[in-house]
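Everything on this sheet refers to the single structure shown next.
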Amino acid sequence: MVRARAPLLVIILVAVALQASALAAGKRADREDIKAYALQRCLDNNYTRSSKYAPDQLRDRSYLLTTYAMDNAKVGATDRLHRFVDANTAGFDKREVPMKDEARRGPFNRIFAQCMAFYRSPALNEFIAREF
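Each number in our numbering comes from the position in the sequence shown (counting from 1) with 1 added on.
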């Protein structure tokens, strides 16, 4: 009788484990995580364009599960967020800090400050509220 129960127990444990994984994958994307992912994309895009580092040099996947959650909530949500961030943050790499550079160490960029301003912007908040 014990031998007959062992396969059944294994099947039940596997089913419970799969259900737990499915529930975790189906969690809604957290609003703050979406904003943080938008900030990461802004920084990555603009530092890459300014030649401060190469595309995907950092291999940072901090918000990979957030992108899964966004796409589980709405198909194509990650792509729409990418397009929104790209459209609203293009050119941040071109703006420089207006300062005298007698030592000729510049030019100095303002990428981080501009991306933080975007992170805090009403436009990003409204986009997230509308999309998610």
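Even for Gly, the Cβ is constructed at its ideal location relative to N, Cα and C.
Decide yes or no for the touch test of the stretch 61–75 against the stretch 27–34: beta carbon pairs closer than 8 Å, at least 3 of them. Yes, they touch.
Less than 7 Å between C-beta atoms, sequence neighbours within five positions excluded: which residues of the same chain meet that for N46? Counting only residues of its own chain and dropping the five nearest sequence neighbours on each side, N46 has a CB closer than 7 Å to the CB of D87 and T90.
Which same chain residues end up closer than 8 Å to L40 when comparing Cβ atoms and leaving out the 5 residues on each side of it in sequence? Cβ neighbours of L40 beyond the five flanking positions: C116, M117, F119 and Y120.
Would you mind stating whether R127 and K75 have Cβ atoms separated by less than 9 Å? The sequence as given places Glu at residue 127; Arg does not occur at that position. No, the pair does not count as a contact, with Cβ atoms beyond the cut-off.
Extent of the continuous alpha helix (DSSP H) to which R81 belongs: Start and end: A78 to T90.
Of the listed residues Q58, A124 and R50, nearest to I112 (C-alpha basis): Considering only alpha carbons, the answer is R50.
In whole angstroms, what separates the C-alpha of L59 from that of K53? If I take the Cα positions, the gap works out to 11 Å.
I need the boundaries of the alpha helix (DSSP H) containing A118, first residue and last residue. Looking at the DSSP string, the run of the alpha helix (DSSP H) that includes A118 is I112 to Y120.
Could you please give the first and the last residue of the uninterrupted alpha helix (DSSP H) stretch that includes Q58? Element bounds for Q58: n/a, residue is neither H nor E.
DSSP three-state assignment for A30, whether helix, strand or coil: A30: coil per DSSP, three-state reduction.
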